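Below: one structure, written as structure tokens.
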Amino acid sequence: MNFGDDAASWFGSSNTWSGLERLSLARNTFTASGLWEILGRGNLSSLRSLDVSHTPLGARGLWSIVGSPGFALLEELSAANTRATDLGVGAFAQIASGSALRHLDLAANGLTARSAEALVAAPFARGLATLDLSGNPIGDEGARALAGAPSFFVSLELKGAGIGDAGLAALMTADALRLVETLDLSYNTWSHEGAGALGRARVMERLTTLRIEEVALGPPENLVGMIWSPSALHLTRLEMDWDRVAVDVEGDADFDDDPAALALALAELPALGERAISSPYMSAPLRRRIADFLGRALASLSKPKVAERVPEAFLYIAASYLRDLTRKNDERLVRPLLHARGESP
């Protein structure tokens with residue numbers, strides 16, 4: 001059913017929904033006026049979660065939400081792609097006092113650094129646990145603003161947010177990310193040199209999911225520094241693209257920098273079976289290059305002093321990945337590694 005303003009008026013006039021706590025109105029055609037008809041009459045004062053994503057609300061839509069009788073109890077708001085604009089978010093952030101808001105999705109609204117700054121200064125900022133500003137060109141200034149947030153984010157999604165070298169450096173050393181569990185920085189614009197900030201990240205005590213797809217990663221030691229650090233203690237899912245590591249002008253990649261260190265870094269992940277390290281668009285030459293890299297990494301692990309530090313499960317997983325690339329047999333690959341550990345296959 002597609003709700004326009006007339007349907008929204010009918011919906012809002014009914015007291016049938018008085019005890020409703022979760023409401024999704026995503027992908028409808030009502031405007032800010034229609035939303036006010038739904039929320040403004042007070043029949044939905046028990047709402048804890050509201051989704052109005054992909055509706056043409058504009059700036060006035062956010063004002064309708066914050067001015068509604070039940071807004072103080074609202075904990076989760078999804079308003080992605082609603083044409084909110086900086087004007088709407090700025091006003092929303094200023095007048096949303098006494099809010100219980102903890103989860104906010106404002107992706108794809110054309111927002112700039114001004115909105116990031118306004119949200120960090122909002123009355124509800126200290127309690128905000130999850131924030132999605134993906135698809136908004138907040139740039140380095142916006143990233144710096146978020147890095148200085150008074151809250152401790154549990155989930156921060158900034159896909160395609162125009163973040164460059166300075167913004168990445170600010171985020172990687174931000175106290176606001178100390179307790180983050182999910183961090184998505186995919187599709188941003190920092191350089192291979194700027195990617196070095198990944199290897200200098202401050203401790204993220206609870207990080208379990210890191211997404212850095214389609215970004216510059218620089219040489220392998222950047223990735224080593226990120227994964228083989230206290231921040232990766234609980235990391236169970238890493239989403240990245242092998243073919244973005246050290247890409248040069250010819251589109252080739254160099255995996256020659258300390259393959260044993262990179263292999264050991266990956267081995268530190270406690271739940272290796274859940275990590276995703278792949279590229280569905282990997283070319284045949286690059287696939288061969290990675291196979292060669294992994295082969296040399298596994299060979300390095302054959303040294304007893306190295307092999308004894310690596311969980312046996314990693315040896316099989318790495319060998320399995322190498323088999324997929326080269327069509328060789330797992331056992332033949334992993335046997336010398338187990339021998340180096342003083343074990344039998």
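Position 129, counted from 1, in the sequence shown is what our numbering calls 129; the numbers after and before it change by one each time, with no gaps.
Glycine is no exception: its CB is placed at the ideal position from the N, C-alpha and C atoms.
For clarity, every value in this text was computed on a predicted model and none was experimentally measured.
Could you give the residue range of the beta strand (DSSP E) that holds residue i?
| i | result |
| --- | --- |
| R237 | 237–240 |
| L39 | Not the beta strand (DSSP E): L39 falls in the alpha helix (DSSP H), residues 32–39. |
| E157 | 155–157 |
| L104 | 103–105 |
From the DSSP output, in three-state form, read off residue i for me.
| i | result |
| --- | --- |
| R178 | coil |
| S231 | helix |
| R126 | helix |
| G218 | strand |
| S24 | strand |
| E76 | strand |
| S13 | helix |
| A49 | Residue 49 is actually Ser in this sequence, not Ala. Looking at S49 - three-state DSSP - the assignment turns out to be strand. |
| L198 | helix |
| L183 | strand |
| L119 | helix |
For residue i, which residues of its own chain have a beta-carbon under 8 Å away from its beta-carbon, when the five flanking residues on both sides are left out?
| i | result |
| --- | --- |
| L23 | W17, L44, L47, S49, L50, D51 |
| T208 | E181, T182, H234, L235, T236, R237 |
| R202 | M172, T173, A174, D175, L177, R178, S231 |
| L73 | S45, S46, L47, R48, A100 |
Relative to the alpha-carbon of residue i, which residue among the options has its alpha-carbon at the smallest distance?
| i | options | result |
| --- | --- | --- |
| I138 | I163, A149, P150 | I163 |
| A93 | A161, L62, T55 | L62 |
| A143 | A129, V120, L128 | V120 |
| P123 | S115, S97, R83, D86 | S97 |
| F71 | G90, L101, M240, T85 | L101 |
| N2 | G127, R41, P56 | P56 |
| G90 | G110, E75, H103, E76 | G110 |
| E239 | A125, E141, E213 | E213 |
| T85 | G148, S13, A149, A113 | A113 |
Assuming residue i contacts residue j under a Cβ cut-off of 8 Å, what Cβ separation, rounded to an integer in Å, is found between them?
| i | j | result |
| --- | --- | --- |
| S151 | A176 | 6 Å |
| G58 | G88 | 7 Å |
| L77 | I65 | 7 Å |
| D140 | A166 | 4 Å |
Closer than 6 Å by C-beta to residue i: which residues in its own chain qualify, once you throw out the five before and the five after it? Chain order, please.
| i | result |
| --- | --- |
| N15 | N43 |
| D184 | E157, K159, R211 |
| A8 | F30, G34, E37, I38 |
| H54 | A26, R27, N81 |
| A129 | R102, V154 |
Can you tell me where the alpha helix (DSSP H) holding residue i begins and where it ends?
| i | result |
| --- | --- |
| T85 | 85–95 |
| L210 | That residue, L210, is in no alpha helix (DSSP H); its beta strand (DSSP E) goes 209–211. |
| E141 | 139–147 |
| L62 | 59–66 |
| G167 | 165–172 |
Quick one: residues in its chain with C-beta nearer than 7 Å to the C-beta of residue i, no 5 flanking neighbours on either side, listed in chain order?
| i | result |
| --- | --- |
| E205 | R178, L179 |
| E75 | R48, S49, A100, L101, R102, H103 |
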